[in-house]
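What the sequence shown shows, in mature numbering (1 follows the signal peptide of the UniProt record, and there is no 0), is residues -28 to -1, 1 to 518, in sequence order. Every residue, glycine too, gets a C-beta built ideally from N, C-alpha and C. Owing to the predicted nature of the structure, the values given are computational and were not obtained by experimental measurement. What follows is one structure encoded as structure tokens, with my remarks underneath.
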Amino acid sequence: MKGLSRIAVAGVAAIVGTAGLSACGAAASQKAAAAPLVVLPSPIGSYSRNFNPFSPTDLPGTTGLVYQDLFYFNPLKSQTYPMLGTSFAWSGHGTVLTVHLRKNVKWTNGQPFNADDVVYTFDLLKRYPALDTNGIWKVLSKVKAVNSDVVTFIFKAPNVPYQWYVLGETPIIDQALWKQVSDPVKYGNPNPVGTGPYLLKSFSPQVYSFSANASYWGGKPKVPTVEYPAYTSNSSADLALSRGKIDWAGLFIPNAQKVYVKPNPKQNHYWFPPNYIVILYTNLKNPLLAQLPVRQAISLAINREKIDKVGEYGYENPSSPTGLILPNNKAWLNPSLPPQDVSFSYNPAKAVSILKSAGYKKNAQGIFTSPSGQPLSFTLNVVSSATDWVSDASIMQSELHNVGIKLTVNQEQYGAFYGALKSGTYQLAIWGSSPGPTPYYLYNALLSPSSIGNYEHWNSSATNAALAQYSASSNLSVQKHAMYAIEHTMATQLPSIPLVNGPNWYEYNTSQYTGWPTPSNPYSNVTPASAFGTTVVLMHLHPVAK
């Protein structure tokens, strides 16, 4: 989906030292000050001054450039960056999480950062549930400072997966300043004070900027100024990008190679790595879709390569039957899985064969009917504004018709679409997944009976047991084997049907700065819409020698 931006992070496997956050590859001596880095996550007509890191409408750069989390989890490979925390460990059978904090860190007003700030941040979320968008206090029992450099999080029950939300998704704020705020939910925080590598420099509705923090604990950034200009439309933003006026963007561009790269192939680059799964959700309350042969036939009849090339401009390669985001999650892939469980095949003849073997027969209209006479005729819901998904739906409608399954494509406004998805009053729907640091997060959102994202209404004791096994253990081997069981279920039982890998949009220009993430060096989330990943990217950049 062109407008869909998801912030996801990848699992803990290795801790990268603070050297990884200092500016990499020092540039040659510069005679003149380095140019501002111009960033555009997405076109916004004008800006409202909101730097509240807990607000759903905070401005890009608020989290990451100014406010930091305890750790950053790289979604593109198993890599963890220590930020305000330096190490963490589980104890108490998955109920106690102890975090050691970085020493000698200062807020940008010169005051010292310590454990009291961390405790205050989480207590604030408890006192104002509207700020607790990740539901942390549903699982937390207490947060306490052991001393000025150590914080302990005590959980109500074993819940290892929640380390992502606690450590990697919560911006830490200054206790002394925020104690003076009467309503932190509505507070716009016009002059933010954080621990990050940048300070707010200037603001107007048309452009705002940050300047490098000379006292940053990771060293002063080599990028002296970061600017966020406002653009009123995709077309004006695309034009500015192609002319080199934007250094880093997260824009959907049809035919990016021709439109963006070709005019300046030495300096204009793009990379759209997979970030989530586009799924054909199947409502298992429907007695026909509850039948495995029907889901198998639907999947075999879908030409995912065509969806990628025709519906998605070649940007969204076919998903894996496992539901893993590959290659991002390759460390979690069960090496014992047979090839057909790792990659989808397009096989209309086999789809027809499966239905016939299950007792389905075609009626006079050429549509398969069940042994009880019910035709395989379904309505496929899709958001009308998601024009690429509408195209995907049209492709599937044609392909399923060819094997004897009738699809009626129903384009809806988002509100009506999501209402039907959430209430279960749909048959088939195209929607995205909810990824996280490891495959657990997608699987839990998709398959857990208690998840609001279990739109297909899957409920399996084996799946529930595997999710519980992962949740109770911090042992990587135990976690992997739990995920192996679900990979097998996804591939063989098709609770819902993965289609293609949805990307992060990422364009960058190397005329002023180098050190960008690339396929050969995916050190961070690439989209400038990434909250905490922006810090990692900016601290890797250095000016081009002139």
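Query raised in the report: Which residues in the same chain have their Cβ closer than 7 Å to the Cβ of S208, if we skip the five residues on either side of it in sequence?
Result: What you label residue 208 is simply residue 236 of the sequence shown in a count that begins at 1. Excluding positions up to five away in sequence, the list is empty.
Query raised in the report: In chain order, what residues of the same chain have a beta carbon less than 6 Å from the beta carbon of Y92, not counting five sequence neighbours either side?
Result: Here residue 92 corresponds to residue number 120 of the sequence shown, with the count starting at 1. Cβ neighbours of Y92 beyond the five flanking positions: Q147.
**Report entry** DSSP state of G505 mapped onto helix, strand, coil
**Finding:** As a working mapping, residue 505 is identified with position 533 in the sequence shown. Helix, per DSSP.
Query raised in the report: In chain order, what residues of the same chain lie with their CB nearer than 8 Å to the CB of I339, ignoring the 5 residues before and after it?
Result: Here residue 339 refers to the residue found at position 367 when the sequence shown is read from its first residue. Answer for I339: P347, L348, S349, G376, I377 and K378, listed in chain order.
**Report entry** Three-state secondary structure (DSSP) of A(-2)
**Finding:** Reading the sequence shown from its first residue, position 27 is the one you call residue -2. In this predicted model, A(-2) has a pLDDT of only 41, less than 50, meaning its place in the structure is not dependable; the value taken from the coordinates is given anyway. Reduced to three states, the DSSP call for A(-2) is coil.
Requested in this report: Classify I424 as buried or exposed, calling it buried when 16 or more other Cβ atoms lie within 10 Å of its own Cβ.
Outcome: Counted from its first residue, the sequence shown places residue 424 at position 452. Exposed, by the Cβ-count rule.
Query raised in the report: Residue range of the alpha helix (DSSP H) that G391 falls in?
Result: Translated into the one-based positions of the sequence shown, residue 391 becomes position 419. That run of the alpha helix (DSSP H) goes Y386 to S395.
Query raised in the report: Can you give the Cα-Cα distance for V77 and S63, rounded to whole angstroms?
Result: Along the sequence shown, read from residue 1 onward, the residue named residue 77 stands at position 105. Along the sequence shown, read from residue 1 onward, the residue named residue 63 stands at position 91. Rounded to the nearest angstrom, the two C-alpha atoms are 27 Å apart.
Query raised in the report: Under a Cβ-count criterion, where at least 16 other Cβ atoms within 10 Å of its own Cβ denotes burial, should A517 be classed as buried or exposed?
Result: Position 545 of the sequence shown, counted from the start, is the residue given in the question as residue 517. The residue is exposed, with fewer than 16 neighbouring Cβ atoms inside 10 Å.
Requested in this report: Give the DSSP-derived three-state secondary structure of E371 in the structure shown.
Outcome: Mapped onto the sequence shown, residue 371 falls at position 399. In the structure shown, E371 sits in a helix (DSSP, three-state: H, G or I).
Report task. Jot down the residue ranges of each uninterrupted beta strand (DSSP E) in the segment 163 to 215, minimum 3 residues, whole runs only, in chain order. Result -> 170 to 175, 179 to 184 and 197 to 201
Report task. Assuming F23 and P164 form a contact by the criterion Cβ under 8 Å, report the distance between their Cβ atoms to the nearest whole angstrom. Result -> Residue numbering aside, residue 23 sits at position 51 when the sequence shown is read from its first letter. Residue numbering aside, residue 164 sits at position 192 when the sequence shown is read from its first letter. Yes, they are in contact, since the Cβ atoms of F23 and P164 sit about 4 Å apart, within 8 Å.
Query raised in the report: Alpha carbon to alpha carbon, what distance is there between S205 and residue 521?
Result: What is shown of the chain runs -28 to 518, which leaves residue 521 out entirely.
Query raised in the report: Is DSSP giving F60 helix, strand or coil here?
Result: Walking along the sequence shown from the start, residue 60 turns up at place 88. Here F60 sits in strand by DSSP.
Query - From N106, A273 and Q383, residue whose alpha carbon lies closest to that of W136 - result: Locating residue 136 in the sequence shown gives position 164, counting from the first residue. Here the closest residue by C-alpha is N106.
Requested in this report: Taking T359 as the reference, give the member of N374, V381, S344 and P343 with the closest Cα.
Outcome: Start at 1 with the first residue of the sequence shown, and residue 359 comes out as number 387. Out of N374, V381, S344 and P343, V381 has the C-alpha closest to the C-alpha of T359.
Query raised in the report: Among R21, S329 and G331, which residue has its Cα nearest to the Cα of K158?
Result: Looking up residue 158 in the sequence shown gives position 186. Measuring from the Cα of K158, the nearest candidate turns out to be R21.
Requested in this report: Name, in chain order, the residues that DSSP records as bridge partners for K78.
Outcome: In the sequence shown, residue 78 corresponds to position 106, counting from 1. DSSP links K78 through a beta bridge to P84.
Requested in this report: Can you tell me which of Q229, T486, G487 and N476 puts its alpha carbon nearest to the alpha carbon of P47?
Outcome: As a first step, residue 47 is located in the sequence shown; it is residue number 75 there, counting from the start. That would be N476, whose Cα lies nearest to the Cα of P47.
Report task. Check each candidate in T435, G391, P84 and Y412 and name the one with the smallest Cα separation from N353. Result -> In the sequence shown, counting from the first residue as 1, residue 353 sits at position 381. Among T435, G391, P84 and Y412, the Cα nearest to that of N353 is on G391.
Requested in this report: Compute the Euclidean distance between the alpha carbons of V233 and L223, then round it to the nearest angstrom.
Outcome: Along the sequence shown, read from residue 1 onward, the residue named residue 233 stands at position 261. Along the sequence shown, read from residue 1 onward, the residue named residue 223 stands at position 251. Taking the straight line from one Cα to the other gives about 14 Å.
Query raised in the report: How should Q399 be labelled, buried or exposed, when 16 other C-beta atoms within 10 angstroms of its C-beta is the threshold for buried?
Result: Position 427 of the sequence shown, counted from the start, is the residue given in the question as residue 399. Buried, since its Cβ has 16 or more Cβ neighbours within 10 Å.
**Report entry** For I(-22), three-class secondary structure by DSSP
**Finding:** On the sequence shown, position 7 is the one that residue -22 refers to. Caution applies to I(-22), whose pLDDT of 28 falls short of 50 and renders its modelled position unreliable; the value that the coordinates give is listed next. Note: I(-22) maps to coil in three-state DSSP.
Query raised in the report: Looking at the structure shown, is N119 part of a helix, part of a strand, or coil, going by DSSP?
Result: Your numbering for residue 119 matches position 147 in the sequence shown. Three-state DSSP puts N119 in a strand.
Query - A202 and S502 closer than 8 Å at C-beta - result: Residue 202 sits at position 230 when you count from the first residue of the sequence shown. Residue 502 sits at position 530 when you count from the first residue of the sequence shown. In this structure, S502 does not lie closer than 8 Å to A202 by Cβ.
Query raised in the report: Which full runs of the beta strand (DSSP E) of 3+ residues lie inside the segment 267 to 326, going along the chain?
Result: none
**Report entry** Beta-bridge pairing of H241 - partner residues as DSSP gives them
**Finding:** In the sequence shown, residue 241 corresponds to position 269, counting from 1. In DSSP, H241 forms a bridge with Y480.
Requested in this report: Would you please state the rounded distance, in angstroms, between the beta carbons of W150 and L103? I believe it to be under 8 Å.
Outcome: By 1-based counting over the sequence shown, the position of residue 150 is 178. By 1-based counting over the sequence shown, the position of residue 103 is 131. At roughly 11 Å, the Cβ-Cβ gap does not stay under 8 Å, so W150 and L103 are not in contact.
Report task. Express the C-alpha separation of P293 and V509 in angstroms, rounding to a whole number. Result -> Locating residue 509 in the sequence shown gives position 537, where the first residue counts as 1. Locating residue 293 in the sequence shown gives position 321, where the first residue counts as 1. About 32 Å.
**Report entry** Assigned secondary structure, T254 (DSSP; H/G/I helix, E/B strand, else coil)
**Finding:** Here residue 254 is taken as the residue at index 282 of the sequence shown, counted from 1. Strand at T254.
Query - Proximity of F389 and V355 at Cβ, strictly below 8 Å - result: Residue numbering aside, residue 389 sits at position 417 when the sequence shown is read from its first letter. Residue numbering aside, residue 355 sits at position 383 when the sequence shown is read from its first letter. Cβ atoms of F389 and V355: closer than 8 Å.
Report task. Compute the Euclidean distance between the alpha carbons of S366 and Y413, then round it to the nearest angstrom. Result -> Within the sequence shown, residue 366 is the residue found at index 394, counting from 1. Within the sequence shown, residue 413 is the residue found at index 441, counting from 1. If you take the alpha carbons of S366 and Y413, they lie about 30 Å apart.
Requested in this report: Under 6 Å Cβ to Cβ from T482, same chain only, skipping five residues before and after it: list those, please.
Outcome: Taking the sequence shown and counting its residues from 1, one reaches residue 482 at position 510. For T482, where only same-chain residues beyond five positions count, the Cβ hits under 6 Å are Q239.
Report task. Have a look at V37 and T507 and give me their C-alpha separation to the nearest angstrom. Result -> Within the sequence shown, residue 37 is the residue found at index 65, counting from 1. Within the sequence shown, residue 507 is the residue found at index 535, counting from 1. The displayed chain sequence assigns Leu, not Val, to residue 37. Take the alpha-carbon of L37 and the one of T507: they are about 6 Å apart.
**Report entry** Local conformation of V153 per DSSP, three classes
**Finding:** Locating residue 153 in the sequence shown gives position 181, where the first residue counts as 1. In this structure, V153 counts as coil in the three-state DSSP scheme.
Query raised in the report: Roughly how many angstroms lie between the CA atoms of G474 and V118, to the nearest whole one?
Result: As a first step, residue 474 must be located in the sequence shown, where it is residue number 502. As a first step, residue 118 must be located in the sequence shown, where it is residue number 146. Their Cα atoms are separated by approximately 42 Å.
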